[in-house]
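So the number in this note's numbering is just where the residue sits in the sequence shown, counting from 1, plus 14. Where a beta carbon is used, it is the ideal one built from N, C-alpha and C, also for glycine. Here the structure comes first, spelled out in C-alpha coordinates, and everything after it is commentary.
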Amino acid sequence: MFRIIIAAAASLALAGCMASKTETPKPAAHNTKQVQQIRADDAFDELEKEVSGQGTGLESMEKPIPAVPSPAVETKTPEIPKPDMQNKAVYKNNLGPATKYPMQGGFPVWFATPNMDGYIGAVGIAKQQARGGIAAQRRIAKALAQSELARTIKVIVNTEVNIEKLNVDTQTLKYYRSKVSTLSRHQAEEVLSDFEIRDEWLDQKTKELYVWLVLKK
(Lines of atoms letter the chains of each structure in order from A and count residues from 1; the text may use other names and numbers.)
(Lines give C-alpha, C1' and ligand atoms only; values in the text may rest on other atoms or scores of the structure.)
Protein backbone atom coordinates (compact mmCIF):
# COMPACT_ATOMS: atom_id res chain seq x y z
CA MET A 1 0.00 0.00 0.00
CA PHE A 2 2.75 2.32 0.92
CA ARG A 3 4.55 1.49 -2.31
CA ILE A 4 1.47 2.36 -4.35
CA ILE A 5 1.22 5.77 -2.70
CA ILE A 6 4.89 6.53 -3.41
CA ALA A 7 4.49 5.51 -7.05
CA ALA A 8 1.45 7.74 -7.49
CA ALA A 9 3.25 10.68 -5.92
CA ALA A 10 6.21 10.17 -8.23
CA SER A 11 3.89 10.11 -11.26
CA LEU A 12 2.25 13.38 -10.25
CA ALA A 13 5.62 15.06 -9.71
CA LEU A 14 6.83 13.93 -13.14
CA ALA A 15 3.69 15.21 -14.83
CA GLY A 16 4.14 18.60 -13.14
CA CYS A 17 7.67 18.92 -14.44
CA MET A 18 6.57 18.13 -17.97
CA ALA A 19 3.80 20.67 -17.79
CA SER A 20 6.18 23.42 -16.64
CA LYS A 21 8.51 22.76 -19.57
CA THR A 22 5.70 22.74 -22.19
CA GLU A 23 4.58 26.39 -22.26
CA THR A 24 2.60 28.17 -24.98
CA PRO A 25 5.09 30.05 -27.25
CA LYS A 26 4.80 33.82 -27.18
CA PRO A 27 4.32 35.71 -30.42
CA ALA A 28 7.50 37.13 -31.96
CA ALA A 29 8.24 40.75 -31.14
CA HIS A 30 7.88 43.33 -33.94
CA ASN A 31 11.37 43.96 -35.28
CA THR A 32 11.32 47.66 -36.35
CA LYS A 33 14.90 47.73 -37.64
CA GLN A 34 14.31 44.74 -39.90
CA VAL A 35 11.15 46.27 -41.35
CA GLN A 36 12.99 49.50 -42.14
CA GLN A 37 15.72 47.55 -43.92
CA ILE A 38 13.14 45.71 -46.03
CA ARG A 39 11.47 48.97 -47.01
CA ALA A 40 14.82 50.48 -47.94
CA ASP A 41 15.63 47.50 -50.16
CA ASP A 42 12.25 47.79 -51.89
CA ALA A 43 12.79 51.48 -52.53
CA PHE A 44 16.23 50.79 -53.98
CA ASP A 45 14.81 48.12 -56.31
CA GLU A 46 12.08 50.52 -57.43
CA LEU A 47 14.71 53.18 -58.18
CA GLU A 48 16.66 50.76 -60.38
CA LYS A 49 13.49 49.93 -62.30
CA GLU A 50 12.75 53.62 -62.74
CA VAL A 51 16.19 54.24 -64.23
CA SER A 52 15.79 51.33 -66.66
CA GLY A 53 12.31 52.53 -67.70
CA GLN A 54 10.37 49.74 -65.96
CA GLY A 55 9.35 51.52 -62.77
CA THR A 56 5.89 52.60 -61.73
CA GLY A 57 6.89 56.28 -61.81
CA LEU A 58 8.38 57.56 -58.59
CA GLU A 59 8.23 61.05 -60.01
CA SER A 60 4.44 60.90 -59.80
CA MET A 61 4.76 60.60 -56.04
CA GLU A 62 6.81 63.78 -55.80
CA LYS A 63 5.40 67.27 -55.99
CA PRO A 64 6.55 69.27 -59.03
CA ILE A 65 9.02 72.03 -58.32
CA PRO A 66 7.53 75.38 -59.33
CA ALA A 67 9.43 77.12 -62.14
CA VAL A 68 11.28 80.23 -61.09
CA PRO A 69 10.67 83.06 -63.59
CA SER A 70 13.83 84.38 -65.19
CA PRO A 71 14.63 88.04 -64.49
CA ALA A 72 13.38 90.46 -67.12
CA VAL A 73 16.05 91.68 -69.52
CA GLU A 74 16.13 95.44 -69.90
CA THR A 75 16.02 96.44 -73.57
CA LYS A 76 17.56 99.70 -74.71
CA THR A 77 15.72 101.88 -77.20
CA PRO A 78 17.84 102.25 -80.37
CA GLU A 79 19.15 105.73 -80.91
CA ILE A 80 17.76 107.57 -83.94
CA PRO A 81 20.62 108.99 -86.02
CA LYS A 82 20.59 112.73 -86.33
CA PRO A 83 20.27 114.14 -89.85
CA ASP A 84 23.52 115.18 -91.50
CA MET A 85 23.26 118.88 -92.25
CA GLN A 86 26.74 119.17 -93.78
CA ASN A 87 25.70 117.93 -97.24
CA LYS A 88 22.72 120.27 -97.59
CA ALA A 89 23.02 123.30 -99.84
CA VAL A 90 23.19 126.58 -98.00
CA TYR A 91 22.09 129.70 -99.81
CA LYS A 92 22.63 133.35 -99.01
CA ASN A 93 20.79 134.17 -95.80
CA ASN A 94 19.14 130.71 -96.14
CA LEU A 95 16.57 132.30 -98.45
CA GLY A 96 17.37 130.36 -101.63
CA PRO A 97 19.58 130.91 -104.68
CA ALA A 98 20.85 134.49 -104.94
CA THR A 99 21.96 135.98 -108.25
CA LYS A 100 25.58 136.90 -108.88
CA TYR A 101 24.55 139.70 -111.25
CA PRO A 102 23.17 143.17 -110.52
CA MET A 103 19.42 143.68 -110.18
CA GLN A 104 17.42 145.77 -112.64
CA GLY A 105 13.75 146.55 -112.08
CA GLY A 106 13.51 143.98 -109.28
CA PHE A 107 15.01 141.15 -111.38
CA PRO A 108 18.53 140.04 -112.35
CA VAL A 109 19.86 141.91 -115.36
CA TRP A 110 19.94 138.74 -117.48
CA PHE A 111 16.15 138.36 -117.14
CA ALA A 112 15.59 141.19 -119.65
CA THR A 113 18.65 140.43 -121.82
CA PRO A 114 19.48 136.69 -121.74
CA ASN A 115 21.97 137.16 -124.63
CA MET A 116 24.75 138.98 -122.77
CA ASP A 117 28.39 138.66 -121.66
CA GLY A 118 29.20 136.93 -124.94
CA TYR A 119 26.64 134.16 -124.35
CA ILE A 120 23.43 133.21 -126.11
CA GLY A 121 20.95 132.13 -123.51
CA ALA A 122 17.36 131.84 -122.36
CA VAL A 123 15.47 132.17 -119.10
CA GLY A 124 13.23 129.53 -117.54
CA ILE A 125 10.80 130.27 -114.70
CA ALA A 126 9.30 127.59 -112.41
CA LYS A 127 6.77 127.94 -109.61
CA GLN A 128 7.29 126.44 -106.16
CA GLN A 129 6.66 122.68 -106.24
CA ALA A 130 4.65 120.72 -103.67
CA ARG A 131 7.18 117.88 -103.79
CA GLY A 132 10.89 117.69 -104.58
CA GLY A 133 11.91 121.05 -103.15
CA ILE A 134 14.28 123.41 -104.94
CA ALA A 135 15.80 120.56 -106.99
CA ALA A 136 12.48 119.76 -108.68
CA GLN A 137 11.86 123.45 -109.23
CA ARG A 138 15.28 123.81 -110.87
CA ARG A 139 14.66 120.87 -113.24
CA ILE A 140 11.43 122.44 -114.48
CA ALA A 141 13.00 125.87 -114.97
CA LYS A 142 15.94 124.35 -116.82
CA ALA A 143 13.64 122.37 -119.15
CA LEU A 144 11.67 125.53 -120.01
CA ALA A 145 14.88 127.43 -120.71
CA GLN A 146 16.17 124.61 -122.92
CA SER A 147 13.00 124.72 -124.99
CA GLU A 148 13.43 128.45 -125.54
CA LEU A 149 17.13 128.07 -126.29
CA ALA A 150 16.43 125.36 -128.88
CA ARG A 151 14.41 127.85 -130.92
CA THR A 152 17.31 130.29 -130.74
CA ILE A 153 19.68 127.60 -132.03
CA LYS A 154 17.53 127.07 -135.12
CA VAL A 155 17.73 130.79 -135.77
CA ILE A 156 21.52 130.74 -135.49
CA VAL A 157 21.76 127.88 -137.99
CA ASN A 158 19.71 129.91 -140.47
CA THR A 159 22.34 132.28 -141.94
CA GLU A 160 19.73 134.58 -143.40
CA VAL A 161 18.63 135.93 -140.02
CA ASN A 162 19.72 139.40 -139.01
CA ILE A 163 21.23 140.50 -135.72
CA GLU A 164 18.22 142.49 -134.60
CA LYS A 165 16.00 139.40 -134.58
CA LEU A 166 18.28 137.63 -132.09
CA ASN A 167 18.99 140.71 -130.00
CA VAL A 168 22.64 139.67 -129.71
CA ASP A 169 25.87 141.47 -130.46
CA THR A 170 27.73 140.83 -133.70
CA GLN A 171 30.80 139.28 -132.12
CA THR A 172 28.80 136.68 -130.22
CA LEU A 173 26.75 135.75 -133.26
CA LYS A 174 29.90 135.33 -135.38
CA TYR A 175 31.44 133.04 -132.74
CA TYR A 176 28.53 130.61 -132.66
CA ARG A 177 28.03 130.66 -136.42
CA SER A 178 31.68 129.81 -136.94
CA LYS A 179 31.19 126.66 -134.86
CA VAL A 180 28.46 125.37 -137.14
CA SER A 181 29.36 126.89 -140.52
CA THR A 182 30.70 123.61 -141.95
CA LEU A 183 28.06 121.36 -140.34
CA SER A 184 24.64 120.27 -141.45
CA ARG A 185 21.59 121.66 -139.71
CA HIS A 186 21.15 118.48 -137.65
CA GLN A 187 24.83 118.40 -136.65
CA ALA A 188 24.77 122.07 -135.81
CA GLU A 189 21.84 121.63 -133.47
CA GLU A 190 23.70 118.80 -131.69
CA VAL A 191 26.81 120.95 -131.26
CA LEU A 192 24.75 123.81 -129.88
CA SER A 193 22.87 121.60 -127.42
CA ASP A 194 25.58 121.79 -124.77
CA PHE A 195 23.95 124.00 -122.13
CA GLU A 196 24.90 125.18 -118.68
CA ILE A 197 23.15 127.11 -115.92
CA ARG A 198 24.99 130.42 -115.78
CA ASP A 199 22.98 131.89 -112.92
CA GLU A 200 19.75 131.41 -110.95
CA TRP A 201 17.61 133.48 -108.62
CA LEU A 202 14.67 132.81 -106.26
CA ASP A 203 11.99 135.48 -105.95
CA GLN A 204 11.28 135.71 -102.21
CA LYS A 205 7.80 137.13 -102.78
CA THR A 206 6.42 134.61 -105.28
CA LYS A 207 8.89 131.77 -104.51
CA GLU A 208 9.43 131.39 -108.26
CA LEU A 209 12.85 130.19 -109.44
CA TYR A 210 14.52 131.97 -112.39
CA VAL A 211 17.23 130.05 -114.26
CA TRP A 212 19.54 131.59 -116.86
CA LEU A 213 20.64 128.85 -119.27
CA VAL A 214 23.39 129.57 -121.85
CA LEU A 215 25.21 127.79 -124.66
CA LYS A 216 28.66 126.64 -123.63
CA LYS A 217 31.56 128.12 -125.57
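- When C-beta atoms of the stretch 155-174 are compared with those of the stretch 217-227, three or more pairs fall below 8 Å, so the two segments count as touching.
- C-alpha of Gln50 to C-alpha of Asp56: approximately 10 Å in a straight line.
- The three-state reading of DSSP puts Ala112 in coil, since its state is none of H, G, I, E or B.
- Gln218 sits in coil when the DSSP states are folded into three classes, being neither helix nor strand.
- The beta-bridge partner set that DSSP reports for Gln50 is empty.
- In the structure shown, Val182 adopts coil according to DSSP, grouped into three states.
- The DSSP-derived three-state label of Gln118 is strand.
- Residue range Gly135 to Ala140 is occupied by the beta strand (DSSP E) that includes Ile139.
- Taking Leu158 as reference, the option from Ile170, Thr166, Ala149 and Ile139 with the minimal CA-CA separation is Ile139.
- The count of Cβ pairs closer than 8 Å, one atom from the stretch 206-219 and one from the stretch 108-117, reaches three, so the stretches are in contact.
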